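Numbering (this note's numbering), first residue to last: 115 to 206. Using N, Cα and C, we set each Cβ at its ideal position, and we do this for glycine too. Predicted model, so just to flag it, every value in this text is computed and none were measured. Written out below as structure tokens is the structure these notes cover.
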Amino acid sequence: MAQKFKTPINIEELAATSTEAFTVKLDAESTERIIITADGKMTWGSGAATGDTTLYRSAANTLKTDDTFEASAGVVTMADADTPTASLSDGA
Numbered sequence: 115m116a117q118k119f120k121t122p123i124n125i126e127e128l129a130a131t132s133t134e135a136f137t138v139k140l141d142a143e144s145t146e147r148i149i150i151t152a153d154g155k156m157t158w159g160s161g162a163a164t165g166d167t168t169l170y171r172s173a174a175n176t177l178k179t180d181d182t183f184e185a186s187a188g189v190v191t192m193a194d195a196d197t198p199t200a201s202l203s204d205g206a
């Protein structure tokens, strides 16, 4: 049964940055579909095997994946003083 929370959920006093802070797993599956560790790293999987896709903060102001990132509608990058650039999803 899904739960609805009306107040913030605080997860505190975890032992290490690699400690699982939040997980989602279906009853019929052997592993979690998503895991968020104390350092904010998010790992996704199929539910049938260990997570295979990650997104995490690798440095100040830097979000990184060691896998492939796909944006169906393309990606727009902004610069402080320049014109935004766009990268189309098909690489054109």
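For this session: May I have a chain-ordered list of the beta strand (DSSP E) segments no shorter than 3 residues that lie completely inside the stretch 129 to 158?
Result: Entirely contained in the stretch 129 to 158, the beta strand (DSSP E) runs reaching 3 residues are, in chain order, 134 to 138, 148 to 151, 156 to 158.
For this session: Could you name the residues of the same chain whose beta carbon sits closer than 8 Å to that of residue 168, not counting the 5 residues immediately before and after it, in chain order?
Result: What you label residue 168 is simply residue 54 of the sequence shown in a count that begins at 1. Cβ within range, chain order: 155, 156, 157, 158, 179, 180, 181.
Exercise. How long is the line joining the alpha carbons of residue 139 and residue 161, rounded to whole angstroms?
Worked result: Stepping through the sequence shown from its first residue, residue 139 is reached at position 25. Stepping through the sequence shown from its first residue, residue 161 is reached at position 47. Going from the Cα of residue 139 to the Cα of residue 161 covers about 7 Å.
For this session: Grab the span of the beta strand (DSSP E) containing residue 178 for me, first residue to last.
Result: Taking the first residue of the sequence shown as position 1, residue 178 is located at position 64. Run containing residue 178: 176 to 178, per the beta strand (DSSP E) assignment.
For this session: Can you tell me which of the three DSSP states residue 172 falls into?
Result: Working through the sequence shown from its first residue, we reach residue 172 at position 58. The answer is strand: DSSP assigns residue 172 an E or B state.
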